[in-house]
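To keep things clear, I will list the structure first and then write my remarks on it.
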Amino acid sequence: MIKDIATPIRTRAILEKYKFSFKKSLGQNFLIDLNILARILDAAGVNEQVGAIEIGPGIGALTEQLAKRADKVVAFEIDQRLLPVLGDTLSPYDNVKIIHSDVLKADVSQVMREEFKEGQDVMVVANLPYYVTTPILMKLLEEKLPIKRIVVMIQKEVADRIAAKPGSKDYGSLSIAAQYYAKAETVFTVPKTVFVPQPNVESAVLRLTIREEPPVEVEDESFFFEVIRSSFAQRRKTIFNNLTHHFGKDRKEQIEVALTTASVDPKRRGETLSIEEFAQLSNELIGLLKG
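Its first residue numbered 425, the sequence shown is counted upward by one per residue in this note's numbering.
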């Protein structure tokens, strides 16, 4: 009988066998709790019909559980030292493919075409390295990949920011960017004790359910995100001051008109505006500033 990887005893044995030392620069924290892994897979809705993409499989703790439930698992691993470890720990499973690559540089769309069946539901399920959480999530969202759901273990602080609602202290440009592409929710928080080594921060499992269409219509996506980023440039400043600082004092009049037409009080701060208000504002601004 195969002993699960995600237990303290088996994890320790694997690390000792390969004389593996953790690289802080790669944010390596391995999961050693089968119950937490089961809850992650449940949150993702993984079953024998779906394909799964994992990022940073480590020694294969989550990969193994995915392999038991999913049709196929494709995992991106950047650390070459872990390839022989994964070749060993995952040898009982013939539905796993490990790709030695930095997912930020990989052509994920091509990998999906090559590795999964046409029309198959694909989920991203991962314990993400905390230092590159945001770039990885935004790459997956911005490339508009045919992914149904993203369920990831990340730093709780980042999960709170991504799932935040207007008016809260965590709400910002990241919240709006993620929620433009997906419905975001924090599923559960995770204690430090389920990792080896234990991280210095609290963790949480975030679920992003990809939208078929964005919740708002914008004339120009890149300009929409430019307006959002500039509105949060200095959180204590009003939206009018932030936009004026970004687009230039010579555009004050147009900015005032756009805010008035979009029914946004110039004295409000960026964190109070909903995604719908930002969409309306950016559509008004683009006509006045670029018309």
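Glycine included, C-beta positions come from ideal geometry on N, C-alpha and C. Note that the structure is predicted; figures quoted are calculated from it, not measured.
Pairwise C-alpha distance: residue j and residue i
i	j	result
V582	F454	19 Å
D518	V620	27 Å
D526	V532	11 Å
A530	E677	45 Å
I571	E539	13 Å
V549	V470	9 Å
R493	K673	58 Å
D689	Q579	34 Å
A601	A468	21 Å
A608	S599	9 Å
E643	F671	18 Å
A703	I679	15 Å
Contact under 9 Å by Cβ, residue i with residue j
i	j	result
N707	E641	yes
E682	L713	Correcting the residue identity first, residue 682 is Ala in this sequence and not Glu. Yes, Cβ-Cβ distance for A682 and L713 is below 9 Å.
M577	V629	yes
L552	G480	yes
I483	T557	no
T633	R573	yes
Q473	Q544	yes
R463	V625	no
T662	R692	yes
Identity of the residue in the options nearest residue i by Cα
i	options	result
G596	Y555, V498, E650 and G543	E650
V575	P508, A588, A430 and L465	L465
I710	N665, F648, L564 and F664	F648
P516	L598, A602, L439 and D428	D428
I522	R505, V498 and L705	V498
D495	L705, M547 and I438	M547
Legend entry - In chain order, each beta strand (DSSP E) run of at least 3 residues that lies wholly inside the segment 559–607: 573–579
Legend entry - Cβ contact (3+ pairs, closer than 8 Å) linking the segment 694–703 and the segment 650–657: yes
Inset, instruction - Counting only runs of 3+ residues fully inside the segment 465–508, write out the beta strand (DSSP E) ranges in chain order. - result: 475–479 and 496–501
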